[in-house]
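Trainee:
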Amino acid sequence: AYRTENLLLLGAIHFQLRNFSECIFYNQQCIRVDPNFAEAYSNLGNALKELGDLQGSVQFYHKSIKLKPRFCDAYNNLALAHMQLGQPQQAIETYQMALVLSPHLVDAHCNLGNLHKAQGNLELAKQSYLQAIQIR
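Be aware that the sequence shown starts at 65, since it is given in the working numbering, and climbs by one per residue.
1. Where does His78 fall in DSSP's three states?
2. Determine the direct distance from the alpha carbon of Tyr193 to that of Ile129, and round the result to whole angstroms.
3. If we ignore side chains and look at the alpha-carbon of each, how far apart do Asn70 and Cys87 end up?
4. Comparing C-alpha positions only, which one of Ala104, Tyr139, Leu72 sits nearest to Asp171?
5. For Tyr64, count the other beta carbons within 10 Å of its own beta carbon; 16 or more makes it buried, fewer makes it exposed. Which is it?
6. Secondary structure at Asp98, three-state DSSP: helix, strand or coil?
7. For Gln160 and Pro133, I'd like the C-alpha separation in whole angstroms.
8. Just to confirm my understanding: we take Leu112, look at its own chain, exclude 5 residues before and 5 after, and list those with CB closer than 7 Å. What are they?
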């Protein structure tokens, strides 16, 4: 377990440094050690999304969710990818799933608010933002 955790952390550091090829490398190594490590698949999705491969990122988020069905961060990231792909209804449904799993996920409330705002649904946007700021 320590090896996969360390590989995951190395990948996260490279992601923060915006060194996405190294991030991908360490997360792939993590998956070689543990093919069922959902977090590594989600991190691969994040790196691919940053590189502009939105379809690839969606595939990795789905794999992550399949391995860990209650992984709310993967749902939140998947919804962001749907937004970037111009699939607002899928994004809304995915954010809602993230919030069913984790009602206190501030990022999902804010991102859902941003999506509603972009669609001109200001009352729904306001509701999402108010829910986000009520979370402690």
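Virtual Cβ for every residue (Gly too), placed ideally from N, Cα, C.
Mentor: The structure says:
1. If you number the sequence shown from 1, residue 78 lands on position 14. For His78, the three-state secondary structure derived from DSSP is helix.
2. Counting from 1 along the sequence shown, the entry for residue 129 is found at position 65. Counting from 1 along the sequence shown, the entry for residue 193 is found at position 129. Spanning the two alpha carbons is a distance of roughly 26 Å.
3. Numbered from 1 along the sequence shown, position 6 holds the residue referred to as residue 70. Numbered from 1 along the sequence shown, position 23 holds the residue referred to as residue 87. Answer to the nearest angstrom: the Cα atoms are 12 Å apart.
4. Sequence index remark: in the sequence shown, residue 171 carries index 107 (1-based). From the listed residues Ala104, Tyr139, Leu72, the smallest Cα separation to Asp171 is found for Tyr139.
5. Residue 64 is absent from the model: the chain starts at 65 and stops at 200.
6. Residue numbering aside, residue 98 sits at position 34 when the sequence shown is read from its first letter. If DSSP states are grouped into helix, strand and coil, Asp98 belongs with coil.
7. For the purposes of this step, residue 160 is identified with residue 96 of the sequence shown, where counting begins at 1. For the purposes of this step, residue 133 is identified with residue 69 of the sequence shown, where counting begins at 1. Roughly 14 Å separates the two Cα atoms.
8. In the sequence shown, the residue the question calls residue 112 occupies position 48. For Leu112, where only same-chain residues beyond five positions count, the Cβ hits under 7 Å are Gly120, Ser121, Phe124.
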